[in-house]
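For reference, the structure is listed below as structure tokens.
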Amino acid sequence: MGKTLFAKVWDSHAVRTLSNGQTQFLIDTHLVHEVTSPQAFGMLRDLGLKVAYPNRTFATVDHIVPTDSQVAPFADPLAEEMIQALNKNAQEFGITYFSLATGKQGIVHVVGPEQGITQPGTTIACGDSHTATHGAFGAIAFGIGTTQVRDVLATQTMALNPMKVRRINVNGKLRPGVYAKDVTLHIIRLLGANGGIGHAYEYGGNVFDEMTMEERMTVCNMAIEGGARCGYINPDDTTFAYLKGRPYSPTGEAWDKAVAQWRTFASDADCVYDDVVNIKAEDIPPTVTWGVSPDQAIAVTENVPSPDDAKNDVQRASINEALAYMKLPAGKPIKGTKVDVAFIGSCTNGRLSDFREVAKFIKGKKVNPSVKAIAVPGSQIVDVLARQEGLDKVFTEAGFEWRGAGCSMCLAMNPDKLIGDQLCASSSNRNFKGRQGSPTGRTVLMSPVMVAAAAINGSIADAREVFSI
Amino acid sequence: MALAKITSVSGRAVHVPGADIDTDRIIPARFMKCVTFDGLGEFAFYDVRKNEDGSDKQHPLNEPRFKGASILLADSNFGCGSSREHAPQALYRFGFRAVIAQSFAEIFFGNCTTLGIPCVIASEADIKALSDAVNADPTLEVTVDVANDQVRYGDKSFKASSATTAKEALITGHWDPIGELLEAKDDVASKMKALGWAA
Numbered sequence: 450m451g452k453t454l455f456a457k458v459w460d461s462h463a464v465r466t467l468s469n470g471q472t473q474f475l476i477d478t479h480l481v482h483e484v485t486s487p488q489a490f491g492m493l494r495d496l497g498l499k500v501a502y503p504n505r506t507f508a509t510v511d512h513i514v515p516t517d518s519q520v521a522p523f524a525d526p527l528a529e530e531m532i533q534a535l536n537k538n539a540q541e542f543g544i545t546y547f548s549l550a551t552g553k554q555g556i557v558h559v560v561g562p563e564q565g566i567t568q569p570g571t572t573i574a575c576g577d578s579h580t581a582t583h584g585a586f587g588a589i590a591f592g593i594g595t596t597q598v599r600d601v602l603a604t605q606t607m608a609l610n611p612m613k614v615r616r617i618n619v620n621g622k623l624r625p626g627v628y629a630k631d632v633t634l635h636i637i638r639l640l641g642a643n644g645g646i647g648h649a650y651e652y653g654g655n656v657f658d659e660m661t662m663e664e665r666m667t668v669c670n671m672a673i674e675g676g677a678r679c680g681y682i683n684p685d686d687t688t689f690a691y692l693k694g695r696p697y698s699p700t701g702e703a704w705d706k707a708v709a710q711w712r713t714f715a716s717d718a719d720c721v722y723d724d725v726v727n728i729k730a731e732d733i734p735p736t737v738t739w740g741v742s743p744d745q746a747i748a749v750t751e752n753v754p755s756p757d758d759a760k761n762d763v764q765r766a767s768i769n770e771a772l773a774y775m776k777l778p779a780g781k782p783i784k785g786t787k788v789d790v791a792f793i794g795s796c797t798n799g800r801l802s803d804f805r806e807v808a809k810f811i812k813g814k815k816v817n818p819s820v821k822a823i824a825v826p827g828s829q830i831v832d833v834l835a836r837q838e839g840l841d842k843v844f845t846e847a848g849f850e851w852r853g854a855g856c857s858m859c860l861a862m863n864p865d866k867l868i869g870d871q872l873c874a875s876s877s878n879r880n881f882k883g884r885q886g887s888p889t890g891r892t893v894l895m896s897p898v899m900v901a902a903a904a905i906n907g908s909i910a911d912a913r914e915v916f917s918i
Numbered sequence: 074m075a076l077a078k079i080t081s082v083s084g085r086a087v088h089v090p091g092a093d094i095d096t097d098r099i100i101p102a103r104f105m106k107c108v109t110f111d112g113l114g115e116f117a118f119y120d121v122r123k124n125e126d127g128s129d130k131q132h133p134l135n136e137p138r139f140k141g142a143s144i145l146l147a148d149s150n151f152g153c154g155s156s157r158e159h160a161p162q163a164l165y166r167f168g169f170r171a172v173i174a175q176s177f178a179e180i181f182f183g184n185c186t187t188l189g190i191p192c193v194i195a196s197e198a199d200i201k202a203l204s205d206a207v208n209a210d211p212t213l214e215v216t217v218d219v220a221n222d223q224v225r226y227g228d229k230s231f232k233a234s235s236a237t238t239a240k241e242a243l244i245t246g247h248w249d250p251i252g253e254l255l256e257a258k259d260d261v262a263s264k265m266k267a268l269g270w271a272a
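Quick note, the sequences are listed as chains A and B, same order. When you number the first sequence by the working numbering, it's gap-free, plus one each residue, and the end is 918. When you number the second sequence by the working numbering, it's gap-free, plus one each residue, and the end is 272.
Have a look at this one:
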């Protein structure tokens, strides 16, 4: 019987069984950012420990970095303190650090792939749940807590339980105006925000086969929103073509050897999954969230649910709670809901192809004067490449602000925040209460092109109509 | 590393109802601008407990009758979203020593275990019954018996179990794995070599 990619990677990275029955699991690559690491470095100092494999640890700053002015010192003294802590920790422990000064800084899940650090068949951990993104390369990549960051720093391993593997097949042809973001939101809508607990999601079928690496990253990024700690796509020629020539990719003979080895990690044709879900590509609509959990999603053409549709009391309570928070009328179309802010960016949708795709449609159009619209490249490199193509001009001429790289308004640990109960059309990954910085702020998740449509229309709109797609 | 053996937790309980309570709700991101976890307790559930002017909202954790509760009752997919350990750190510093829920998000569950906070899974009906009981009598003593997969209160009890590995780690005092992980230094070095990572 064949093995899944997950099983192959698990078997090759299991060091031993710990006394409680967990596996001591080796982490090939550890990514570090400023928010979840300072306490871990503090613990190392308290215990008198060093970083075991500093050459396998890579740091950058993303969460707290302002995207308007990135000149040091930052206006926020707490942000400045955190960035100084990372500067110091990277230096003291000998870790590669993509700081603002390197021109390689960015959201950690944009930087890893961009640098060729993210490689097939490897294990990647980071104190950030969206580490799942790296699964796009056929890596087993997942978020960890700060004490586990300490464990990985000190030992290059952590205690872990194996996961079940659910294969999610999407086959067919996506309809025009339907993007990778819609695919991943649709999957979460179908399987629930808790559907993936205990599972790794393996995404397969011709829709994923035909996706670019950046699209695959968008899909895997949101595995965690479906409760799956990691999601992955088997590595193929698309993966290898993306990695070729990147700074940390192997070169020459080592490249050929690596590719040959990477191929072997893909799940075997005769492997057995714990669960299989089949989805028809044609059934996936442009999708938007209406509530406060990513599984509270509908097609943009649908009505917001009503408590009367609930199957039970728990569901009724959760619909009522979400509607009250979102200030949306039950049973009415989501289309036409007034938008105050439009955000294109984040580790879900802040890559070059996202800005290229939106630019195709907003050229010659203007953001509605009632909307504050910001475009935030996921990394300094994305920023430079976008500028080389003149994308920044397309965005600014349409009325977007073009910002510096960072997490920005995805989680608002920086100056980019909603004010009061502003509603944001957002290309990010979480619509939790207060997620975008205001305790009453409202988030509607959607694809970047749908965000652009909302920005231009001043309200939630079907991008297919606004842009004649 | 000698750690306390956590076989059971007893105390008063409080129910924070709602499915999919995420870690942003448990600790809003703006309170994570810190380089230590020390001051996080007062910010647990801040935005659902407090108005923007700092005054109290209606919330179980604001009710005087639940003050001092050390067992948190929750519903399904508790702790979903962000991997921030700040969430369990804030709950611990708020005073919670155990959580009972229908299900837990995985990263949150692992983070709690590593801090020695048992997370046990019980049925919706049992949680509802316990919730009703503590709402009727907030002074009710509740015991989360980790070792025996049971929750007890008054003359009642129900099954509440954790992942086998988490239970084992808690009851044997191995919930912080660092000591054990460090022991395998040589095995890790050979594995790193085998995987092609030069030391």
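Note that CB positions come from ideal geometry on N, CA and C, so glycine has one too. Here the structure is a predicted model, which is why all the values come from computation and not from measurement.
Report yes or no: is there a C-beta of chain A within less than 8 Å of the C-beta of residue 157 of chain B?
Reading the second sequence from its first residue, position 84 is the one you call residue 157 of chain B. Yes, its Cβ sits closer than 8 Å to a Cβ of chain A.
Length of the line joining the Cα atoms of residue 560 of chain A and residue 200 of chain B
Stepping through the first sequence from its first residue, residue 560 of chain A is reached at position 111. Stepping through the second sequence from its first residue, residue 200 of chain B is reached at position 127. Taking the straight line joining both Cα atoms gives about 44 Å.
Kindly indicate which three-state DSSP category residue 150 of chain B falls into: helix, strand or coil?
To locate residue 150 of chain B, count along the second sequence from 1; it is residue 77. Residue 150 of chain B: coil per DSSP, three-state reduction.
If you draw a straight line from the alpha carbon of residue 708 of chain A to that of residue 691 of chain A, how long is it in whole angstroms?
Here residue 708 of chain A refers to the residue found at position 259 when the first sequence is read from its first residue. Here residue 691 of chain A refers to the residue found at position 242 when the first sequence is read from its first residue. C-alpha separation (whole angstroms): 12 Å.
So if I threshold CB-CB distances at 9 Å, which residues from the segment 870-896 of chain A count as touching chain B?
879, 881, 882, 883, 884, 886, 887, 888 and 889
Using 8 Å as the threshold, is the segment 793-806 of chain A in touch with the segment 870-887 of chain A, meaning 3 or more CB pairs across them?
yes
Measure the C-alpha to C-alpha separation of residue 932 of chain A and residue 626 of chain A and round it to an integer number of angstroms.
Chain A is shown only over 450 to 918; residue 932 of chain A falls outside these bounds and no answer can be derived.
Following the continuous alpha helix (DSSP H) through residue 666 of chain A, name the residue where it begins and the one where it ends.
Counted from its first residue, the first sequence places residue 666 of chain A at position 217. 662-670 is the span of the alpha helix (DSSP H), which, as asked, contains residue 666 of chain A.
Of all the options A:482, A:775 and A:586, which has the alpha carbon lying nearest to the alpha carbon of residue 667 of chain A?
Along the first sequence, read from residue 1 onward, the residue named residue 667 of chain A stands at position 218. Per the Cα distances, A:586.
For a test of the three-state rule: what should DSSP assign to residue 246 of chain B, helix, strand or coil?
As a first step, residue 246 of chain B must be located in the second sequence, where it is residue number 173. Coil.
Taking a Cβ distance cut-off of 8 Å, strictly less, list which residues of the segment 456-474 of chain A are near chain B, in chain order.
461, 462, 464, 465, 467, 468, 469, 470, 471 and 473
With the cut-off set at 8 Å, would you say residue 511 of chain A and residue 855 of chain A are in Cβ contact?
As a first step, residue 511 of chain A is located in the first sequence; it is residue number 62 there, counting from the start. As a first step, residue 855 of chain A is located in the first sequence; it is residue number 406 there, counting from the start. A contact, by the Cβ cut-off of 8 Å.
Residue 509 of chain A versus residue 546 of chain A - alpha carbon distance:
Here the question's residue 509 of chain A lines up with position 60 in the first sequence. Here the question's residue 546 of chain A lines up with position 97 in the first sequence. Looking at the two C-alpha atoms, the distance is approximately 6 Å.
Looking at the secondary structure, which residues open and close the alpha helix (DSSP H) in which residue 97 of chain B lies?
Start at 1 with the first residue of the second sequence, and residue 97 of chain B comes out as number 24. Run containing residue 97 of chain B: 96-99, per the alpha helix (DSSP H) assignment.
Where the beta strand (DSSP E) through residue 674 of chain A begins and ends:
Position 225 of the first sequence, counting from 1, holds the residue named residue 674 of chain A. Run containing residue 674 of chain A: none; DSSP gives neither H nor E here.
Does DSSP put residue 859 of chain A in a helix, a strand or coil?
Numbered from its first residue, the first sequence carries residue 859 of chain A at position 410. Helix.
Anyone know if the C-beta pair for residue 220 of chain B and residue 194 of chain B falls short of 8 Å?
Here the question's residue 220 of chain B lines up with position 147 in the second sequence. Here the question's residue 194 of chain B lines up with position 121 in the second sequence. Their beta carbons are not under 8 Å apart, which means residue 220 of chain B does not touch residue 194 of chain B by this criterion.
Are residue 882 of chain A and residue 843 of chain A close, meaning C-beta to C-beta below 8 Å?
Position 433 of the first sequence, counting from 1, holds the residue named residue 882 of chain A. Position 394 of the first sequence, counting from 1, holds the residue named residue 843 of chain A. No, Cβ-Cβ distance for residue 882 of chain A and residue 843 of chain A is not below 8 Å.
For residue 726 of chain A, which residues of its own chain have a beta-carbon under 6 Å away from its beta-carbon, when the five flanking residues on both sides are left out?
Here residue 726 of chain A corresponds to residue number 277 of the first sequence, with the count starting at 1. Taken in chain order, the residues that qualify are 617.
Beta strand (DSSP E) runs wholly inside the segment 739-806 of chain A, at least 3 long, in chain order
746-748 and 790-793
Chain A beta carbons: is any one of them nearer than 8 Å to that of residue 222 of chain B?
Locating residue 222 of chain B in the second sequence gives position 149, counting from the first residue. Not closer than 8 Å to any Cβ of chain A, the Cβ of residue 222 of chain B fails to qualify, so no.
Confirm, please, whether the CB-CB distance from residue 462 of chain A to residue 572 of chain A is below 8 Å.
To locate residue 572 of chain A, count along the first sequence from 1; it is residue 123. To locate residue 462 of chain A, count along the first sequence from 1; it is residue 13. It is a contact, given that the beta carbons lie within the stated cut-off.
Cβ-based contacts, 8 Å cut-off: residues of the segment 767-784 of chain A near chain B
767 and 770
Outcome for residue 450 of chain A when other beta-carbon atoms lying within 10 angstroms are tallied against a minimum of 16
As a first step, residue 450 of chain A must be located in the first sequence, where it is residue number 1. The residue is exposed, with fewer than 16 neighbouring Cβ atoms inside 10 Å.
Could you name the residues of chain B that residue 861 of chain A contacts, counting a contact when the two beta carbons are closer than 8 Å?
Position 412 of the first sequence, counting from 1, holds the residue named residue 861 of chain A. The contacting residues are 102 and 103.
Only counting runs of 3 or more residues, tell me where the beta strand (DSSP E) segments fall wholly within the segment 480-529 of chain A, in order along the chain.
506-509
If contact is defined by three or more beta carbon pairs under 8 Å, each pair taking one atom from either stretch, is the segment 824-833 of chain A in contact with the segment 482-494 of chain A?
no
N-terminal and C-terminal residue of the beta strand (DSSP E) that residue 226 of chain B is part of:
Residue 226 of chain B sits at position 153 when you count from the first residue of the second sequence. Segment 223-226, the beta strand (DSSP E) holding residue 226 of chain B.
DSSP puts residue 607 of chain A in a beta bridge; with which residues?
As a first step, residue 607 of chain A must be located in the first sequence, where it is residue number 158. Looking at the DSSP assignment, residue 607 of chain A forms a beta bridge with A:474.
Chain B residues whose Cβ lies nearer than 8 Å to that of residue 667 of chain A
The residue you call residue 667 of chain A lines up with position 218 of the first sequence. Here the premise fails: no neighbours, minimum Cβ distance about 18 Å.
Any beta carbon of chain A sitting closer than 8 Å to that of residue 93 of chain B?
Here residue 93 of chain B corresponds to residue number 20 of the second sequence, with the count starting at 1. Chain A, which has a Cβ nearer than 8 Å to the Cβ of residue 93 of chain B, makes this yes.
CB contact below 8 Å: residue 132 of chain B versus chain A:
Start at 1 with the first residue of the second sequence, and residue 132 of chain B comes out as number 59. No, no contact with chain A.
What's the gap between the Cα of residue 657 of chain A and the Cα of residue 699 of chain A?
Working through the first sequence from its first residue, we reach residue 657 of chain A at position 208. Working through the first sequence from its first residue, we reach residue 699 of chain A at position 250. C-alpha separation (whole angstroms): 25 Å.
Which one or two residues does DSSP pair with residue 231 of chain B in a beta bridge?
The residue labelled residue 231 of chain B in the question sits at position 158 within the second sequence. BP columns for residue 231 of chain B point to B:224.
Cutoff 6 Å; reference residue 522 of chain A; Cβ partners in own chain excluding five residues on either side:
Position 73 of the first sequence holds residue 522 of chain A. Answer for residue 522 of chain A: 529, listed in chain order.
Which value, in whole angstroms, describes the spacing of the CA atoms of residue 746 of chain A and residue 637 of chain A?
Your numbering for residue 746 of chain A matches position 297 in the first sequence. Your numbering for residue 637 of chain A matches position 188 in the first sequence. Roughly 8 Å separates the two Cα atoms.
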